[in-house]
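> With the UniProt record's numbering, letter number 167 in the sequence shown gets 167, and the count goes up by one each step, no holes.
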Amino acid sequence: MEHEVPAAATVEAEPLQDSQRATKGAADADQQGPAGQALQTGNPARVLLEGQAVRIVGIKGRTLLNGTEGVLGTYDTGSDRWVFKSGSEALRIRPCNLECVGKSTKQVLRHAFHQAAERFQYHSKFMTNDVFDKLYDFAASQGQPGVGMFFRDFCQHEQIFDQWYARMGPSTSSTS
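1) What did DSSP end up calling residue 106 once you bin it into helix, strand or coil?
2) State the Cα-Cα distance for the pair residue 150 and residue 139, rounded to the nearest angstrom.
3) Within a Cβ cutoff of 6 Å, which residues of the same chain sit near residue 165, ignoring the five residues on either side of it in sequence?
4) Residue 128 to residue 69, Cα distance in whole Å?
5) Helix, strand or coil for residue 24 per DSSP?
6) Relative to the C-alpha of residue 79, which candidate in 85, 100, 92 and 86 has its C-alpha closest?
7) How many angstroms separate the CA atom of residue 89 from the CA atom of residue 111?
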């Protein structure tokens with residue numbers, strides 16, 4: 001059963017970038033529509049299903065929504081959007097602006113980031129939290145290659161971690 005969501009709750013994403021356009025045509029052919037069936041997104045690794053945990057990414061208009069985690073409701077073929085539920089809020093979101101969370105929830109990513117900070121000798125938990133929040137918002141606003149992948153890559157490589165930490169942290173940040 002389709003949940004009614006006010007039209008004002010529909011979120012419009014910016015036009016697809018050239019790199020997304022190439023995969024969207026192929027993905028549209030894979031879309032099966034009715035709730036409960038898989039819907040392939042622009043990324044072949046991302047299949048969306050009703051009830052799945054997802055995160056909003058790459059929204060240009062209402063950027064504060066980026067990084068919000070929730071659960072997929074039904075797919076509306078008429079608007080080509082999924083009903084996205086987070087708390088008591090329900091929005092209609094384009095498939096290209098959703099990514100599967102899997103085991104990469106914000107809490108899990110924060111924990112991995114703090115472990116990497118300790119491993120790379122960053123000792124200020126307050127500063128590390130601030131840097132994590134900025135990086136998480138940045139990664140979610142990009143929408144590609146995925147927030148979890150973004151964190152995994154730089155948490156494994158100290159040089160990349162150092163560059164991002166310095167970029168997002170205070171100008172006087174240093175390692176101990």
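For each residue, glycine too, the CB sits at the ideal point set by N, CA and C.
With the given structure in hand:
1) Residue state, collapsed to three classes: helix.
2) Their backbone Cα atoms lie some 7 Å apart in a straight line.
3) Correct list, in chain order: 131.
4) Each residue's alpha carbon lies about 21 Å from the other.
5) Note on residue 24: pLDDT 34, under 50, position unreliable in the model; the coordinate value appears next. Looking at residue 24 - three-state DSSP - the assignment turns out to be helix.
6) Measuring from the Cα of residue 79, the nearest candidate turns out to be 92.
7) Their Cα atoms are separated by approximately 27 Å.
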